[in-house]
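Asks: Quick one: the structure is below, questions incoming.
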Amino acid sequence: MKGRRRDSLIRTIAGLTLSLVLACFLIVPAALPVRAEEQEPFVPLGSDDEYYPVVYDNTNGLPTAEANDIVQTNEGFIWIACYAGLVRYDGHNFVRLDSTEGLSSVACLFVDNQGRLWIGTNDNGVAVMENGEFRFWDEDDGLGSSKVREIEEDGNGYVYVGTTSGITMFSPDLEMTPLTDSRIANVYVDRMVAGTDQLVYCTTNGTEMFILRDGNLVNYYENDESLIEGITAIYPDPAVPGKIYYGTESQGIYHVDIKAGFESAEHIDVGSLYSITEINQVGDELWVCSRGGIGMIDDEGFHDMTDLPLNNSIEHMMVDYEGNLWFVSTRLGVMKLVKNRFSNVFANYGIHETVVNTTCLLDGRMFIGSDTGLTVIDEEGVVDSVSLTSVMTASGTPVGGTDLVEMLDDLRIRSIIRDSKDRLWIATWKSMGLLCYDHGALTIFNEDEGMLSDRVRMVYETKDGRILAAVTGGLNIIEDGKVAETYDKSIGIENAETLTVCEAPNGDILLGSNGDGIYIINDEGLRNVGKKNGLTSGVVMRIKYDESNKVYWLVTGNSLAYMSEDYEVTTIKNFPYPDNLNIYKNDKGDMWIMSSDGIYVVPARELLANGEINPVHYSMANGLPCIATSNAYCELTDNGDLYIAGRTGVAMININEPLEDVNELKMAVPYIEVDDELVYPDSKGVFRIPASANKIAIYGFVYSYSLVDPTVSFRLKGFDKEMMTVKLSELDPIYYTNLKGGRYTFVMELNDEMGRGSKILNTTIIKEKAFYEEPVFYVGVTLFATILLTLLVQYVVNRQLAKAEEAHKIKSERERVSSELHMANQIQTGILPHEFPPFPERNDFDLYALMDPAKEVGGDFYDYFMIDDDHLCLVIADVSGKGIPAALFMMNCKVLLKSLATSGNSPSEVLMRANKEICENNQMEMFVTVWMGILELSTGIMTASNAGHEYPVVGRVDSGFELIKDKHGFVIGGMGDVSYKDYEIRLEPGDKLFVYTDGVPEATNADNEMFGTDRMLDTLNADKTASPETMLKNISEAVKEFENGADKFDDLTMLALEYFGPGEHR
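Residues in the sequence shown are numbered from 228 upward in steps of one, following this note's numbering.
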């Protein structure tokens, strides 16, 4: 059984190769109108091992027609050794590296356990590439020869470089040591392969073999000492240490236990293969490369694959991380055998190509109807005959025949369905009419039995078990073993060439005609839905009812459409292809539309929305084995296996399985380009670029070598406001210019082709800040402005005093105080933001702030600003002291806090650095209490820190306002070496935040009684739905009412925020 499956795999690859050469389009199946009870599982041969060959040469991207070796590095790049140099492939683009520095005529490649790429050349020695940097060694550095033949690594991390004149061993830190044993000091190395037993097995071009361990020669075998004459390849058996496979020039392959001697070698026949070049184990299979092509050995024996497109001078092979097989030929280029979701059933069974019209499963067998008769297959192969116990007409007349296959030989079969009683209904054309196969008994329904015609297209079973037969001439209904009803032109069916039929949930019968649209038959009579009702074509090939969406899917002659249960038609306007044949729905709600140029897959909701449509498209280029047959009828099993009737055979795919698992794909940003120079990440994966950088190109890669094309979304967080999305095949470098200094995160998100599944990669990029972007620059500018403003204020005050002294000596002191207070008030109010709403374009929050100054001006202030598109910073503070000094100190603090916050610091870091700066230059000996919070708008998480300020208040949608007794730190400006702590406040949509200075709770009335936090909370909770602006007005009015005209000695400063949630609207 297993051998037969393996033979079918070989046939599948051969069939796919032929399909690739023919460059056909896509396979398109048709629909199965009814599904019977669960059937015995049918597992077609080869369905678990499907590969699709793709060849690369100088006609389709590879910059050369030959290849010497191939490897894959850890991040996902594939590297190809060519005489033209070193070529890199990422799944979409080939890039040949600059060969001017010695990367020409590359002979061999190797990736060591540290992920470094070793490059052996034909005339420039060996090189190692790490992070884009190359290091070379040649004869002048101690290499035996500059012509390198093989590179291998032992289990201890030592790398062996085999040349045409000896071997050099490199330690893990690249210290080189030539191997000096006289027997191998100048040997021409041909092959080196490490075993699981810490040994390295080597061969020479003179067919000698020797074994190394830790750089020492363990054994040496000359060709006249054993049976190894003509050895050309070697491979240690990974399952049995001490045993090896070795290939020869003309005698195939041998398997031998070296300790037992080569006389005990077991010979393995490899058919027509000669001059074996490489042996490699993949799973349970042994793959063989040779000058004459490719072969594979399993426990059933050898399988020849020389009919693959790469069939000459195969040097090496590898398996990539996705499980695809890669082969290189020194004459024909590179070939990959990629895993294919589609199974070529005909190729697996060795069935000759023919046009197939229908597929149907019954009792573990597949019944295949074609223009030339019936083919039946099971898990073992083609079934030669299906015995009949009886054959008679519906009226009981016996008819001769004992074998169903023989009876249908050379007859055209249009469709086969299985009904709820596990009977097969076989629709023939111009021959025997409609046949019912019931477990050996065959019943014939033809014109003599009351059928309108012997030209039967399809059959549909109703809920009550009646059989609807679409025939030339109209519709026949079969019930209780006889033709019970007939609908034809006599009831008004003008176009009686019926193409399809189905039953509506209410019992109506819907007929699709070949030119006059849809006929609806019910107890009320006949109704027609045609072009006048919205159809774009009178040809209706399929009508499929969709229970979950309560619509009928219509496949017409030039479009897709859907029809409501009230028979209102909507044409799908933006579907990309007009010649569609059938439609299926999987268990995820995706529609698989079969068309003459392929299979289109799109969610049903996207079709029903009738807007932009972005389907996944399967074609011959990504694995389809054959083209679909028009008007075909196909089996769809309960688990999603679709058996497609095609123009050259049958293909199978499971439509319920995910298109691909993006979580298995590798993603990386291996380097970025800064002003045309490549920059690699540091040991922590962080890219660091200088402040002088102007143009930055980010190279994001998704390493996929399969037949899928997922979508990639990306965004530079801190610069881009929205994600941008492209197909993987369209992903190019992303360019940015004139970025500000700071920390950025490049986000790549990978989704499958249907937008499902997700894998995210975050890459940190730090651009150094220019001197004018550093906080110290802003502090300096602020100090300079403060000094200048102080001098100006002093000048104005002195001038006012002089005038006052001259004119009004008695009022001079009052004039001076009034002028100072007025100036301080201007400073204080002029620097505070006062535009509301402050960010009118934002719909995720609302904000309002208020400062009501006291008669005796203090240093209260608030601030709010966007750090980036996703982070809002809120500040409220209270400076000690009054008058102009407090106002100037307030201005300095406000600028400093904003500068530090916009530099990417957390609130605690901002307070710590601000405290340090102020304490170092606090000649006025003032201090300030500060509360700062940074809200991440996409999550509602606010990170906050408190330097001796009042507790914040949070209003929850479900519980009202309450104090958040956070972690108080020391005031800013009091002591130099103080640390502060961050804490989190999680805001849900509708939650509110209220912060304030001590002027609110410490407001007093004439009896020296304080307003207090309890009254403040009561005021807020009295109107829990109030907007931020209304909240502050309510508090302000409550305080004024409480003071009742008493003098106010402190500012009343407040800020309120309401959070609406990400992407929500007010």
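We put the CB at the ideal spot given by N, CA and C, even for glycine.
Just so it is clear, the structure is predicted and the values come from calculations on it, not from any experiment.
What are the boundary residues of the alpha helix (DSSP H) that includes Gly744?
Replies: Neither: Gly744 is in no alpha helix (DSSP H) and is coded neither H nor E.
Asks: For Met951, count neighbouring C-beta atoms within 10 Å of its own C-beta (all shown protein chains included) and say buried if the count is 16 or more, exposed if not.
Replies: So Met951 ends up on the exposed side.
Asks: Helix, strand or coil: which one does DSSP assign to Phe208?
Replies: This structure cannot speak to residue 208, because the chain is shown only from 228 to 1293.
Asks: Would you kindly work out how many angstroms separate the C-alpha atoms of Val386 and Asp339, rounded to a whole number?
Replies: 8 Å
Asks: Can you tell me which residues form a DSSP beta bridge with Leu662?
Replies: Paired residues: Ile653 and Ile671.
Asks: Please name the residue in Asp1079, Glu887 and Pro1064 whose C-alpha comes closest to that of Phe1072.
Replies: Closest in C-alpha terms to Phe1072, from the list Asp1079, Glu887 and Pro1064, comes Pro1064.
Asks: Is it the case that the Cβ atoms of Tyr576 and Ile604 are separated by a distance below 8 Å?
Replies: yes
Asks: Leaving out the 5 sequence neighbours to the left and right, which residues in its chain are closer than 6 Å to Ser331 when beta-carbon positions are compared?
Replies: Gly312
Asks: With 16 other CB atoms within 10 Å as the buried threshold, where does Asn567 fall?
Replies: Taking all protein chains shown into account, Asn567 has 16 or more neighbouring C-beta atoms within 10 Å of its C-beta and is therefore buried.
Asks: Would you mind stating whether Ala1324 and Asp1277 have Cβ atoms separated by less than 8 Å?
Replies: There is no way to answer for residue 1324, as the model of the chain reaches only from 228 to 1293.
Asks: With respect to the beta strand (DSSP E) encompassing Gly522, which residues constitute its N-terminal and C-terminal limits?
Replies: Unbroken beta strand (DSSP E) run through Gly522: Gly520 to Asp525.
Asks: Tell me whether the beta-carbon of Gly1131 lies closer than 8 Å to the beta-carbon of Arg1026.
Replies: no
Asks: Going by DSSP in three states, Glu264 sits in which element: helix, strand or coil?
Replies: Residue placement at Glu264 cannot be trusted, given a pLDDT of 40 that sits under 50; the coordinates are not used to answer.
Asks: On a Cα-Cα basis, can you pick out the residue from Arg915, Leu934 and Glu976 that is closest to Lys996?
Replies: Closest option to Lys996, judged by alpha-carbon separation, among Arg915, Leu934 and Glu976: Arg915.
Asks: Looking at the structure shown, is Cys853 part of a helix, part of a strand, or coil, going by DSSP?
Replies: coil
Asks: Is the beta carbon of Asn1178 less than 8 Å from the beta carbon of Glu549?
Replies: Looking at the sequence shown, residue 1178 is not Asn but Tyr. Against a cut-off of 8 Å, the Cβ pair of Glu549 and Tyr1178 comes out as no contact.
Asks: Considering only C-alpha positions, which residue in the set Thr938, Ile925, Phe998 and Thr1013 is nearest to Ile992?
Replies: It is Ile925.
Asks: Within its chain, find whatever has a CB closer than 8 Å to the CB of Asn539; leave out the 5 residues flanking it on each side and keep chain order.
Replies: Arg518, Gly519, Gly520, Ser556, Arg558 and Leu559
Asks: Going by beta-carbon coordinates alone, are Tyr1210 and Ala1174 separated by less than 8 Å?
Replies: no
Asks: Can you grab the Cα-Cα spacing for the pair Val509 / Ile524, in whole Å?
Replies: Straight-line Cα distance between these residues: approximately 10 Å.
Asks: Enumerate in chain order the residues of its own chain whose CB-to-CB distance from Glu265 is below 8 Å, with the five nearest sequence positions on each side excluded.
Replies: Confidence is the limiting factor: at Glu265 the pLDDT is only 45, short of 50, which leaves the residue's position unreliable, though a coordinate-based value still follows. Correct list, in chain order: Asp865.
Asks: Could you have a look at Lys486 and say whether DSSP puts it in helix, strand or coil?
Replies: Note: Lys486 maps to helix in three-state DSSP.
Asks: Measure the CB-CB distance between Leu1077 and Met1281 and report whether it falls below 8 Å.
Replies: yes
Asks: Taking the straight line between their C-alpha atoms, what separation do you get for Pro1289 and Met894?
Replies: 28 Å
Asks: Does Val935 come out as helix, strand or coil in the three-state DSSP assignment?
Replies: coil
Asks: Going by DSSP, what residues sit across from Phe1011 in a beta bridge?
Replies: Paired residues: none, contrary to the question.
Asks: Put Ala250 into one of helix, strand or coil per three-state DSSP.
Replies: Here the model assigns Ala250 a pLDDT of 34, short of 50, so the residue's position is not dependable and the matter cannot be decided.
Asks: Would you report the Cα separation of Ala872 and Gly850, rounded to the nearest angstrom?
Replies: 16 Å
Asks: Which runs of the alpha helix (DSSP H) spanning at least 4 residues fall entirely within the region 1165 to 1252, listed in chain order?
Replies: 1239 to 1249
Asks: Counting C-beta neighbours from all protein chains within 10 Å, is the total for Arg641 16 or more, i.e. buried, or is it exposed?
Replies: buried
Asks: DSSP three-state label for Val1294, please.
Replies: The structure shown does not extend to residue 1294, since the chain is modelled only from 228 through 1293, so no value can be given for it.
Asks: Excluding five sequence neighbours on each side, which residues of the same chain lie with their C-beta closer than 8 Å to the C-beta of Arg440?
Replies: By the criterion of a C-beta distance shorter than 8 Å, Arg440 is surrounded in its chain by Asp381, Gln425, Leu426 and Val427, once the five residues flanking it on both sides are discounted.
Asks: Please name the residue in Arg639, Asp1250, Leu1284 and Gly1196 whose C-alpha comes closest to that of Leu1162.
Replies: Closest option to Leu1162, Cα to Cα, is Leu1284.
Asks: How far does the alpha helix (DSSP H) with Lys563 in it reach, from first residue to last?
Replies: Note, Lys563: premise wrong, no alpha helix (DSSP H); beta strand (DSSP E) at Gly560 to Lys566.
Asks: Please classify His494 as buried or exposed, where buried requires at least 16 neighbouring CB atoms within 10 angstroms.
Replies: exposed
Asks: Whole angstroms are fine: how far does the CA of Tyr1286 sit from the CA of Pro1255?
Replies: 10 Å
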